[in-house]
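Residue numbers (the numbering used here), protein chains in the order written: chain Y, 1 to 129; chain V, 1 to 129.
2 protein chains.
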Amino acid sequence: MSKSSDAVHAILRQSEGFRSAQDIFTKMRADGAKIGLTTVYRALQSLSDDGRVDMLRTDDGESVYRACESDVHHHHLVCRRCGHTVEVAGPDVERWAEAVGAEYGFTEVTHTVEVFGTCPDCASAAGSR
Amino acid sequence: MSKSSDAVHAILRQSEGFRSAQDIFTKMRADGAKIGLTTVYRALQSLSDDGRVDMLRTDDGESVYRACESDVHHHHLVCRRCGHTVEVAGPDVERWAEAVGAEYGFTEVTHTVEVFGTCPDCASAAGSR
DNA sequence: GCCGATTTTGACAACGGTTTTCATTTTGCC
DNA sequence: GGCAAAATGAAAACCGTTGTCAAAATCGGC
Ligand SMILES: [Zn+2]
Ligand SMILES: [Zn+2]
Ligand SMILES: [Zn+2]
Ligand SMILES: [Zn+2]
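What follows is the structure, given as structure tokens:
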């Protein structure tokens, strides 16, 4: 699970935002790579398991992946239009989530936090349209 | 889109946690209701659009719904095992999300925040097992 | 290098939740 | 009742994802 995995990881590293499996598959094929869609899914699965890529679900239920620069826990500010993504730390949110869980006696507390918006570039492009 | 919608809403109101469309459909059929799965989906869609029910996606990509008591913006603390759900307000999180968006010049900022954990009941049940 | 064992691969089928289709039924209105 | 509009639901289509399984690549031992 190595050569293909690395190839998929490389594609993700040269991508700006989150990308879907199909998306990656199409791009790799266009680049001339001989890879199957199944293998892309497997690579993404193992990369995700190893924490080498972040995964999140879009509104329409599609899983999308990104090779993040930070390897510690963080969240994302994602442009709804172009996918441009900023990695953001949120110590306040971490504490809040823990506190909320503790308040009601919940254990093994985890959380999902994503922020969406329109990035400056897309905002100005839309404004001048 | 009213009679069925109300029936689905009623089912949700007498449910403790989040439930899936299929789940609701099965229960209604078991209760003797003559309703189709398509109608359940349509009812959930419109209830969700009208903000009368909250929707979120489980880890495995299933959409689940809940009739929340509060009609203002809030988040959820959900038990991973039994689905028991607590509605929580998070003014700090709201401010944080806004601030993060503003920091990078993003507009129309929205966010998704969910907290998961194991509720006290499920924790003690598991402990005594 | 050679060869068998092990792992990886990928075309294709299958899966499952959701949406679309479309003919039938129910509803609202006169 | 009669009629148009809206709602309904069975079945098919959809689509991202996962399973299957035989072929191909890789790894060790010799
Ligand atoms: Zn953008
Ligand atoms: Zn966090
Ligand atoms: Zn529980
Ligand atoms: Zn919020």
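All C-beta atoms in this analysis are idealised placements derived from N, C-alpha and C, irrespective of residue type, glycine included.
As the structure is a prediction and not an experimental result, all values here were calculated from the model.
Mapping the DSSP letters down to three states, classify residue i as helix, strand or coil.
| i | result |
| --- | --- |
| residue 74 of chain V | coil |
| residue 111 of chain Y | strand |
| residue 54 of chain Y | strand |
| residue 65 of chain V | strand |
| residue 117 of chain V | strand |
| residue 15 of chain V | coil |
| residue 130 of chain V | Nothing about residue 130 of chain V can be read from this structure; chain V reaches only from 1 to 129. |
| residue 79 of chain Y | strand |
Hey, residue i and residue j: beta-carbon distance below 8 Å or not?
| i | j | result |
| --- | --- | --- |
| residue 101 of chain V | residue 93 of chain V | no |
| residue 79 of chain Y | residue 32 of chain Y | no |
| residue 111 of chain V | residue 98 of chain Y | no |
| residue 55 of chain V | residue 48 of chain V | yes |
| residue 61 of chain Y | residue 57 of chain V | yes |
| residue 107 of chain V | residue 123 of chain Y | yes |
| residue 41 of chain V | residue 77 of chain Y | no |
| residue 39 of chain Y | residue 2 of chain Y | no |
| residue 130 of chain Y | residue 75 of chain Y | Because chain Y is modelled from 1 through 129, residue 130 of chain Y falls outside the range shown and cannot be assessed. |
With a threshold of 8 Å between beta carbons, is residue i in contact with chain V?
| i | result |
| --- | --- |
| residue 111 of chain Y | yes |
| residue 18 of chain Y | no |
| residue 92 of chain Y | yes |
| residue 117 of chain Y | yes |
| residue 47 of chain Y | no |
| residue 83 of chain Y | no |
| residue 52 of chain Y | no |
| residue 97 of chain Y | yes |
| residue 101 of chain Y | yes |
| residue 40 of chain Y | no |
| residue 32 of chain Y | no |
| residue 72 of chain Y | no |
| residue 86 of chain Y | yes |
Are there any heavy atoms of ligand 2 lying less than 7 Å away from the beta-carbon of residue i, as far as the coordinates show?
| i | result |
| --- | --- |
| residue 94 of chain Y | yes |
| residue 76 of chain Y | no |
| residue 9 of chain V | no |
| residue 111 of chain V | no |
| residue 51 of chain Y | no |
Do we get a CB-CB distance below 8 Å when we pair residue i with the residues of chain Y?
| i | result |
| --- | --- |
| residue 104 of chain V | yes |
| residue 44 of chain V | no |
| residue 25 of chain V | no |
| residue 108 of chain V | yes |
| residue 114 of chain V | yes |
| residue 123 of chain V | yes |
| residue 77 of chain V | yes |
| residue 57 of chain V | yes |
| residue 36 of chain V | no |
| residue 64 of chain V | no |
State yes or no: is the C-beta of residue i nearer than 7 Å to some heavy atom of ligand 1?
| i | result |
| --- | --- |
| residue 121 of chain Y | yes |
| residue 81 of chain Y | yes |
Quick one: does the C-beta of residue i sit closer than 7 Å to a heavy atom of ligand 3?
| i | result |
| --- | --- |
| residue 85 of chain V | no |
| residue 118 of chain V | yes |
So is the beta-carbon of residue i under 7 Å away from any non-hydrogen atom of ligand 4?
| i | result |
| --- | --- |
| residue 73 of chain Y | no |
| residue 90 of chain V | yes |
Within the present structure, is the beta-carbon of residue i separated from the nearest heavy atom of ligand 5 by less than 7 Å?
| i | result |
| --- | --- |
| residue 41 of chain V | By its list of ligands, the structure shown excludes ligand 5, since it contains just ligand 1, ligand 2, ligand 3 and ligand 4. |
> Is there contact here, the stretch 78-89 of chain V with the stretch 63-81 of chain Y, by at least three beta-carbon pairs under 8 Å?
Replying inline: Proximity of the stretch 78-89 of chain V to the stretch 63-81 of chain Y falls short of the contact definition, fewer than three beta-carbon pairs being nearer than 8 Å.
>> I want to know whether the stretch 16-29 of chain Y touches the stretch 53-67 of chain Y - three or more CB-CB distances under 8 Å.
In response: Touching, yes, given that three or more Cβ pairs across the two stretches are closer than 8 Å.
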